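J.: Would you mind keeping the following structure in view while I ask a few things?
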Amino acid sequence: MAIRILSVAISLAVLLLPETALAKKKFQSLADFNQKNEGHMVLAMEWLEPVTFKGHYKAGDVESQPGNATYIYEPSLGAAGPALQILAQAIASKSQRERKYKEAQDSANLVLEGHDETISSFSHEGLYKLFKEKALGAGHSLEVFNPDQKKVDYYIQLTPEFVVAQDKSGITLVNNVSIFSGKYRPSKKKRKKTLFSSDYIVVSESLPLDSVEQFWAADNIENFVDFNKSLFETSVEMILFSMGSKPVVNDKQKTFRYQFGGKTRFERASITEFQSAEYGCSRTAVLTIGGDMMSLPIAQDSCPSVPESPAS
Amino acid sequence: MKLLKNASLLGVLAILTGCATVAPQPPVGFNNQLSSETVIATAISDVPKVQITYPGASCLLCWGAAALANGGVADEVGKLTNEDLAELGDSLVSKLKDKGLNVKELESTWKPMKLKKNEPVSENEARKDYRPLKETLDASHLLVMNFNYVGVKRDYSSYVPTSEPYAIVEGLAYLVNLTTNIYEWYLPIYQRHSPGLEWKDPPSYPGVINAYYQAIETTKDEILSSIVTEAVPSVASKED
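The listed protein sequences derive, respectively, from chains A and B. Under numbering that gives the first Met the number 0, the first sequence has 273 at position 274, and the numbering climbs by one with no breaks. Under numbering that gives the first Met the number 0, the second sequence has 158 at position 159, and the numbering climbs by one with no breaks.
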């Protein structure tokens with residue numbers, strides 16, 4: 000009885016607390032965040048960790064989005080009540096799914112074996128320098144999160160992951176941007192509620208298969224780094240673009256097709272107004288139905304045709 | 000005793016007929032060697048409405064529980080249209096015309112008159128006799144495309160989901176020669192696509208919705224890629 004009264008009292012106390020004491024308001028977009036902070040950013044990255052490279056994997060019957068898998072749970076609680084069946088399933092399926100994904104990822108990561116030297120040459124520091132240069136150029140002020148600092152109002156966490164196709168002919172950068180408040184917590188488990196989170200995804204052009212081995216060779220590190228930096232650069236351009244204004248779509252949704260790892264992949268999305276200066280018309284920037292921005296290696300339909308060179 | 004005899008006879012019959020199941024028609028590639036004199040009557044049915052179902056949630060209460068548990072996904076699936084797939088019929092007809100074939104488009108509601116059963120004697124021969132349609136339709140071939148299911152399914156065992164929601168397109172496309180009654184294209188359509196790692200991503204469930212459009216696109220690819228766009232040889236050039 001005493002426990003019940005105590006739990007009711009705690010619940011009431013939580014309900015009556017002012018909202019600000021519980022959590023900061025969520026941001027609808029990076030533009031909202033930017034407006035609130037007047038162009039100032041406190042940036043956190045996993046400085047000490049190597050840049051994450053992962054293998055892209057397929058599971059199940061189709062090659063589609065990373066993580067594509069189904070789980071099968073054979074219930075053995077036929078005689079039990081529905082509530083018990085559902086509860087048992089929820090517990091079993093979650094752990095089963097997590098194990099399945101982990102196994103698939105571990106096996107996909109084998110594609111990176113033998114390329115440690117190439118991958119380890121690519122550091123977060125280089126990415127930070129690039130981000131800083133671009134952000135300052137776009138009129139933002141930037142501060143690096145100091146782990147000794149007790150807390151800040153808001154900080155941006157950039158988590159870039161490079162996902163490598165199984166035939167190594169393509170790389171997709173998934174650059175997650177999340178906003179938190181308070182103390183920096185590198186561990187995801189300890190981190191407070193996310194105030195905003197979105198992925199900025201850049202899919203590379205496919206390398207010709209006969210040049211794949213050369214691309215990943217240890218004596219080609221400079222090109223390897225430049226290639227991946229250019230993916231990161233495009234993602235940063237998209238992030239900064241989103242800080243200026245919420246990505247406006249100027250086309251209705253359609254299904255975009257692009258090549259990755261020798262396979263055609265599909266993304267339902269709308270074209271945005273973003274246009275990377277570097278890639279010009281060879282790429283299309285879209286806003287996915289999940290709200291992420293993606294730069295795809297497909298030519299824009301709306302690009303002006305290349306003027307014919309005058310006859311000599 | 001007589002009763003026992005009859006019962007055992009019935010049992011033997013049941014076993015025998017049970018074993019004599021008809022093997023399904025295997026897929027047949029599109030006959031890309033059709034001549035320019037070919038007249039294809041096309042019967043392309045309307046695409047069914049996009050839906051979500053829960054196979055295995057067999058009791059009424061189980062179905063209700065499944066519908067309640069998947070309400071968010073069901074709302075999003077309900078907003079989907081089948082227009083991308085509905086355009087496929089037109090693309091298919093254009094492709095046939097591009098090949099130089101004569102196409103007669105039948106109404107989407109067209110159904111063949113009751114066809115007699117046919118005992119196949121040669122490979123890929125239809126089990127229904129389509130030959131009477133040659134005169135009725137004034138065509139040499141009949142092309143049929145229809146979809147039985149377009150949308151999302153989530154498998155259940157009573158109250159318990161046994162799969163994640165997955166996008167699915169099911170149907171059949173075939174071309175039958177109305178003179179020989181032989182299938183010159185037979186393509187069972189079964190495109191199943193699963194969503195990404197985190198399908199539980201309300202309110203828009205992008206993984207599930209993206210999987211749906213992926214199933215639509217791969218269906219279109221599967222059907223259209225069967226037909227080689229190369230123009231058919233004209234009868235005159237054949238004679239040359």
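For each residue, glycine too, the CB sits at the ideal point set by N, CA and C. All figures in this text were calculated on a predicted structure; none of them were measured in a lab.
Just tell me which of B:48, B:38 and B:32 has its CA closest to the CA of residue 83 of chain B.
T.: As a working note, residue 83 of chain B is residue 84 in the second sequence. If we check each option's Cα against that of residue 83 of chain B, B:48 comes out closest.
J.: Three Cβ pairs or more, each shorter than 8 Å: is that satisfied between the segment 133-143 of chain A and the segment 160-179 of chain A?
T.: No, the segment 133-143 of chain A does not touch the segment 160-179 of chain A.
J.: Could you tell me whether the segment 45-56 of chain A touches the segment 165-182 of chain A, using the rule of 3 or more Cβ pairs below 8 Å?
T.: With the cut-off at 8 Å, the segment 45-56 of chain A and the segment 165-182 of chain A touch.
J.: Throw me the rounded Cβ distance for the residue 81 of chain B and residue 266 of chain A pair, which I believe falls under 8 Å.
T.: Start at 1 with the first residue of the second sequence, and residue 81 of chain B comes out as number 82. Start at 1 with the first residue of the first sequence, and residue 266 of chain A comes out as number 267. With 8 Å as the limit, residue 81 of chain B and residue 266 of chain A do not qualify as a contact, their Cβ atoms being about 19 Å apart.
J.: Count the C-beta pairs between the segment 163-171 of chain B and the segment 186-193 of chain B that are closer than 8 Å, then say yes if the count reaches three, no if not.
T.: With the cut-off at 8 Å, the segment 163-171 of chain B and the segment 186-193 of chain B touch.
J.: Between the segment 98-118 of chain A and chain B, which residues of the former have CB atoms less than 9 Å from a CB of the latter, in chain order?
T.: Cβ contacts with chain B: 100.
J.: Using a threshold of 9 Å, state whether the C-beta atoms of residue 101 of chain B and residue 180 of chain B are closer than that.
T.: For the purposes of this step, residue 101 of chain B is taken as the residue at position 102 of the second sequence. For the purposes of this step, residue 180 of chain B is taken as the residue at position 181 of the second sequence. Contact: no.
J.: Select from A:26, A:282, A:104 and A:232 the residue whose C-alpha is nearest the C-alpha of residue 132 of chain A.
T.: For the purposes of this step, residue 132 of chain A is taken as the residue at position 133 of the first sequence. Comparing Cα-Cα distances from residue 132 of chain A to each of A:26, A:282, A:104 and A:232, the minimum goes to A:232.
J.: Between which two residues does the alpha helix (DSSP H) containing residue 181 of chain A stretch?
T.: The residue labelled residue 181 of chain A in the question sits at position 182 within the first sequence. Residue 181 of chain A -> not in any alpha helix (DSSP H); beta strand (DSSP E) instead, spanning 170-181.
J.: What in chain B is Cβ-close to residue 267 of chain A, meaning under 7 Å?
T.: Taking the first sequence and counting its residues from 1, one reaches residue 267 of chain A at position 268. Per Cβ cutoff of 7 Å: 208, 209 and 212.
J.: Under a Cβ-count criterion, where at least 16 other Cβ atoms within 10 Å of its own Cβ denotes burial, should residue 96 of chain B be classed as buried or exposed?
T.: Sequence index remark: in the second sequence, residue 96 of chain B carries index 97 (1-based). Exposed, since its Cβ has fewer than 16 Cβ neighbours within 10 Å.
J.: Terminal residues of the continuous alpha helix (DSSP H) containing residue 211 of chain B?
T.: Position 212 of the second sequence, counted from the start, is the residue given in the question as residue 211 of chain B. Residues 205-223.
J.: By the 10 Å Cβ neighbour count, where 16 or more other Cβ atoms means buried, how is residue 176 of chain A classified, buried or exposed?
T.: Position 177 of the first sequence, counting from 1, holds the residue named residue 176 of chain A. Its Cβ being crowded by 16 or more others within 10 Å, residue 176 of chain A is buried.
J.: At what residue ranges does the segment 97-173 of chain B contain a whole run of the alpha helix (DSSP H), taking only runs of 4 or more?
T.: For the segment 97-173 of chain B, whole alpha helix (DSSP H) runs of length 4 or above, ordered along the chain, are 132-136.
J.: Which residues in the same chain as residue 67 of chain B place their Cβ atom closer than 6 Å to its Cβ, once the five residues preceding and following it in sequence are excluded?
T.: On the second sequence, position 68 is the one that residue 67 of chain B refers to. So no residue of the chain qualifies.
J.: Short of 6 Å in beta carbon distance, which residues of its chain neighbour residue 41 of chain A, apart from the five on each side in sequence? Order them along the chain.
T.: Along the first sequence, one-based indexing puts residue 41 of chain A at 42. Result list for residue 41 of chain A: 142, 144, 151 and 154, in chain order.
J.: Compute the Euclidean distance between the alpha carbons of residue 222 of chain A and residue 43 of chain A, then round it to the nearest angstrom.
T.: Residue mapping note: residue 222 of chain A aligns to position 223 of the first sequence, counting from 1. Residue mapping note: residue 43 of chain A aligns to position 44 of the first sequence, counting from 1. Taking the straight line from one Cα to the other gives about 27 Å.
J.: Which residues share a DSSP beta bridge with residue 161 of chain A?
T.: Walking along the first sequence from the start, residue 161 of chain A turns up at place 162. Note: residue 161 of chain A sits in a beta bridge opposite A:52 and A:172.
J.: Quick one: complete beta strand (DSSP E) runs, 3+ long, within the segment 21-58 of chain B?
T.: If we require 3 residues or more, the beta strand (DSSP E) runs fully inside the segment 21-58 of chain B come out as 38-43 and 50-52.
J.: Check each candidate in A:271, A:119 and A:174 and name the one with the smallest Cα separation from residue 229 of chain A.
T.: Counted from its first residue, the first sequence places residue 229 of chain A at position 230. Looking at the Cα atoms, A:174 is the closest of the given residues.
J.: Are the CB atoms of residue 56 of chain B and residue 182 of chain B within a distance shorter than 9 Å?
T.: In the second sequence, counting from the first residue as 1, residue 182 of chain B sits at position 183. In the second sequence, counting from the first residue as 1, residue 56 of chain B sits at position 57. It is not a contact, given that the beta carbons lie outside the stated cut-off.
J.: The alpha helix (DSSP H) with residue 74 of chain B in it runs from where to where?
T.: As a working note, residue 74 of chain B is residue 75 in the second sequence. Taken as a continuous stretch (DSSP letters only), the alpha helix (DSSP H) holding residue 74 of chain B covers 70-77.
J.: From what residue to what residue does the alpha helix (DSSP H) around residue 211 of chain A run?
T.: The residue given as residue 211 of chain A occupies position 212 in the first sequence. Note, residue 211 of chain A: alpha helix (DSSP H), 211-215.
J.: Whole-angstrom Cβ separation of residue 221 of chain B and residue 193 of chain B, contact assumed at under 8 Å?
T.: Along the second sequence, one-based indexing puts residue 221 of chain B at 222. Along the second sequence, one-based indexing puts residue 193 of chain B at 194. Not really, about 18 Å apart at Cβ, beyond 8 Å.
J.: Would you mind sorting residue 192 of chain A into buried or exposed? The rule is 16 or more other CB atoms within 10 Å of its CB.
T.: Translated into positions along the first sequence, residue 192 of chain A becomes position 193. Residue 192 of chain A comes out exposed.
J.: Tell me which residues share the same chain as residue 28 of chain B and place their Cβ nearer than 8 Å to its Cβ, disregarding the 5 neighbours each side in the sequence.
T.: Translated into the one-based positions of the second sequence, residue 28 of chain B becomes position 29. Excluding residues within five positions, the ones whose Cβ falls inside 8 Å are 184 and 225.
J.: Anything in chain B within Cβ reach of residue 288 of chain A, meaning under 8 Å, just list it in chain order.
T.: Stepping through the first sequence from its first residue, residue 288 of chain A is reached at position 289. Result: 203, 205, 208 and 209.
J.: Check the Cβ of residue 216 of chain B against every Cβ in chain A and list those closer than 8 Å, keeping chain order.
T.: As a working mapping, residue 216 of chain B is identified with position 217 in the second sequence. Chain A residues near residue 216 of chain B: 254, 256 and 265.
J.: Would you check if the distance between the CB atom of residue 45 of chain A and the CB atom of residue 123 of chain A is smaller than 9 Å?
T.: Position 46 of the first sequence, counted from the first residue, corresponds to residue 45 of chain A. Position 124 of the first sequence, counted from the first residue, corresponds to residue 123 of chain A. Closer than 9 Å, so yes.
J.: Please list the terminal residues of the continuous alpha helix (DSSP H) segment that includes residue 235 of chain A.
T.: Numbered from 1 along the first sequence, position 236 holds the residue referred to as residue 235 of chain A. It spans 220-243 - the alpha helix (DSSP H) in which residue 235 of chain A sits, taken as one unbroken run.
J.: Please list the partners that residue 74 of chain B has in chain A, where partner means a Cβ-to-Cβ separation under 9 Å.
T.: For this step, residue 74 of chain B is matched to residue 75 along the second sequence. Residues of chain A passing the Cβ test: none, with the nearest at roughly 14 Å.
J.: How many Å lie between residue 201 of chain B and residue 72 of chain B at the Cα?
T.: Here the question's residue 201 of chain B lines up with position 202 in the second sequence. Here the question's residue 72 of chain B lines up with position 73 in the second sequence. Their backbone Cα atoms lie some 8 Å apart in a straight line.
J.: Mapping the DSSP letters down to three states, classify residue 267 of chain A as helix, strand or coil.
T.: In the first sequence, counting from the first residue as 1, residue 267 of chain A sits at position 268. Reduced to three states, the DSSP call for residue 267 of chain A is strand.
J.: Is it right to say residue 213 of chain B is buried, meaning 16 or more other beta carbons lie within 10 angstroms of its own, or is it exposed?
T.: Against the second sequence, residue 213 of chain B aligns to sequence position 214. So residue 213 of chain B ends up on the buried side.
J.: With residue 119 of chain A as the anchor, note down where its alpha helix (DSSP H) starts and where it stops.
T.: Translated into the one-based positions of the first sequence, residue 119 of chain A becomes position 120. Element bounds for residue 119 of chain A: 115-119.
J.: Answer yes or no: does any C-beta atom of chain A fall closer than 9 Å to that of residue 224 of chain B?
T.: Counting from 1 along the second sequence, the entry for residue 224 of chain B is found at position 225. For residue 224 of chain B, the answer is no, since every Cβ of chain A falls outside 9 Å of its Cβ.
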